[in-house]
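Below is one structure; the comments refer to it alone.
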Amino acid sequence: MNNNLKNISNIEDFLFETFYGKVSNNVYISNLPYNIKEDIEDMVLIEIVSSITDYGAMARGIVLVSLFAKPLNSNIKNAKLLNSLEEKLNKAIESSSDKHYQIAKYSTYQGYDKSLKWHNIKVELIIKIF
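Numbering (numbering that gives the first Met the number 0), first residue to last: 0 to 129.
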């Protein structure tokens with residue numbers, strides 16, 4: 000295995016390319032922007048939340064993908080948009096066919112960002128590197 004494949008930046012680039020335009024056009028790595036334009040309805044945040052562990056012939060880590068949906072009026076959760084984002088994420092994961100990186104859903108849970116005041120779905124992915 001090429002050790003450069005385990006570089007965090009290379010993994011982030013792979014995930015960005017996998018999700019950008021397929022799940023959302025607003026995909027960010029590690030943190031959301033400070034200023035969010037008023038017309039943005041959804042966002043995706045990608046964070047590598049564990050170490051990348053080397054097992055010799057392969058490596059493995061956990062990635063957290065947060066799917067954010069702007070709430071409806073009166074801060075009502077936009078479940079329809081969140082569902083659409085999760086379905087698009089599922090499709091992007093299923094259609095990913097990179098020879099070095101393999102991703103699979105590990106767990107899913109809901110969240111709410113109090114500072115942003117947006118609901119989200121957090122999806123933990125296992126990434127395997129060959």
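Idealized CB from N, CA, C, for every residue including glycine.
- Counting other Cβ atoms within 10 Å of its Cβ, A58 reaches 16 or more and is therefore classed as buried.
- Judged by DSSP secondary structure, N119 falls outside any alpha helix (DSSP H) and instead within the beta strand (DSSP E) spanning 117-128.
- Within its own chain, the residues whose Cβ lies closer than 7 Å to the Cβ of V22, once the five positions on either side in sequence are excluded, are V43, L84, K87, L88, A91, listed in chain order.
- It is roughly 34 Å from the alpha-carbon of L31 to the alpha-carbon of A56.
- In the same chain as W117, and ignoring 5 residues on each side of it, the C-beta atoms closer than 7 Å to its own belong to F67, A68, K69, P70, in chain order.
- When the beta-carbon positions are compared, I7 and I45 stay at least 9 Å from each other.
- Cα atoms of V64 and N74: separation of roughly 22 Å, rounded to the nearest angstrom.
- Its chain contains I120 as the residues whose beta carbon lies nearer than 6 Å to that of Q109, once the 5 sequence neighbours on both sides are disregarded; these appear in chain order.
- A straight-line Cα-Cα distance of about 7 Å links E11 and I28.
- Under the DSSP assignment, E86 falls in the alpha helix (DSSP H) whose first and last residues are 78-94.
- Between the C-alpha atoms of D112 and N77 there is a straight-line separation of about 14 Å.
- Excluding sequence positions up to five before and after V48, its CB lies within less than 6 Å of the CB of I61, L63, all in the same chain and listed in chain order.
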